[in-house]
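Presented below is the structure to which this report refers.
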Amino acid sequence: MCTPVREITLKSYEEINLAQEVSENDPFTLERYQQFFHYFPSNAQAVLDVGCNTGRGGKVLKELQQDLEIVGLDCVENRLARISRDVYCRTICSYSTNIASEDSAFDVVVAGEFVEHLFPQDVTQTLCEFYRILRPGGRLLLTTPNPNYLLLLLTGRSVLGGAHVSQHYPKELKKQLEETGFSNLKILGSGKVSRYLGEKFPLVFAYGSYLVIADKLSLKRSST
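Add 308 to a position in the sequence shown, counting from 1, and you land on the number used in my numbering.
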């Protein structure tokens, strides 16, 4: 269920995002966005790249499909200033809880390793915004660190810490998405090997991150 947008402290999210310097050189960006593209609907053209940073992921998508119209969303202005206009047709400096976009504007929303950087109380509203801006028949693709990752469990570590201020168990995130209105949900492993094994062996606990595929169903035609 979607709730009114709460007031967000600008400084808090900017500090969290500025602490993500490692994400500008994330070695898994290439694989992550290739995996995203593999699940694009065949008619996909308008894409929102959430938490786009300096645009490395969008470059991957553009190389795979030249006619994509990619819009980048980030709350840190100096990142958006470095984005290539040859890749992104425009950018939005905005929070994910209140995206400056009209309804039903995008065929695909991608959010790679993003929701873990949201405070828990902002996650539901963010998912509602993703649903709102997707066109009927559109698709959400997101990845997030896996709290059930076997290596974490064996070593007593957590996905929380640093810029990670929330964690998302696959079943709980799936339920949140369904309550938001998404359908046809699938959860697969995500990571460097997932391009080869993620579908054949979808044992999510074996992966450090997981991919969620969620659809906004097309509007049904009324019978006459």
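By construction, the Cβ of each residue, glycine as well, lies at the ideal position given by its N, Cα and C atoms.
If I follow the unbroken alpha helix (DSSP H) through residue i, where does it start and stop?
i, result
"L525", "Per DSSP, L525 belongs to no alpha helix (DSSP H) and is neither H nor E."
"P455", "Run containing P455: none; DSSP gives neither H nor E here."
"D430", "P428 to I441"
"N361", "Run containing N361: none; DSSP gives neither H nor E here."
"L481", "P478 to T488"
"L338", "T337 to H346"
Following a CB-centred definition, is residue i positioned closer than 7 Å to any heavy atom of the ligand ADP?
i, result
"V416", "The ligand ADP is not part of the structure shown, which contains no ligands of any sort."
Identify the residues that DSSP records as bridge partners of residue i: which are they?
i, result
"L449", "V418 and I521"
"I378", "V355 and Y396"
"C401", "D382"
"H472", "G469"
CB-CB under 7 Å to residue i, same chain, minus the five flanking residues each way: which ones, in chain order?
i, result
"Y396", "G363, G366, I378, V379 and G380"
"L318", "Annotation note: pLDDT 49 at L318 (below 50); position unreliable, coordinate value reported separately. Cβ within range, chain order: n/a, list empty."
"F427", "V473 and S474"
"T451", "R340, G420, E421, S498, S517, Y518 and L519"
Specify, as a first and last residue, the run of the beta strand (DSSP E) that residue i falls within.
i, result
"N492", "S491 to S498"
How many whole angstroms separate the CB atoms of residue i and residue j, which I take to be in contact at a CB cut-off of 8 Å?
i, j, result
"C383", "S412", "23 Å between Cβ atoms; not a contact."
"T498", "L525", "One detail in the question is off: residue 498 reads as Ser in this sequence, not Thr. About 24 Å; that fails the 8 Å criterion."
"K414", "L369", "According to the sequence provided, residue 414 is Phe. The question's Lys does not apply to it. Between L369 and F414 the Cβ distance is about 13 Å, and since that is not below 8 Å, they are no contact."
"L577", "V355", "Given that the chain is displayed from residue 309 to residue 532, the structure contains no residue 577 and the question cannot be resolved."
"E437", "I407", "5 Å"
If you drop the 5 nearest sequence neighbours on each side, which residues of the same chain put their C-beta closer than 6 Å to that of residue i?
i, result
"A522", "L448, L485, F490 and L493"
"L468", "Q475"
"F539", "With the chain covering only 309 through 532, there is no way to say anything about residue 539."
"P453", "E424, V467 and S517"
"L481", "none"
"D430", "T405"
"T337", "R364 and G365"
Ordered along the chain, which non-local residues of its own chain (more than five positions away) have a Cβ less than 8 Å from that of residue i?
i, result
"G349", "The question names Gly, yet the displayed sequence has Pro at residue 349. So the list reads D415, V416, G445, G446 and R447, once near-sequence residues are dropped."
"Y477", "P455 and N456"
"I391", "C360, T362, G363, G366, G380 and T399"
"E385", "C401"
"R529", "Because R529 sits at a pLDDT of 46, beneath the cut-off of 50, its placement in the model cannot be relied upon, and the point is left open."
"A389", "none"
Inset, instruction - Would you be able to state if there are at least three C-beta pairs under 8 Å between the segment 340-357 and the segment 416-431? - result: yes
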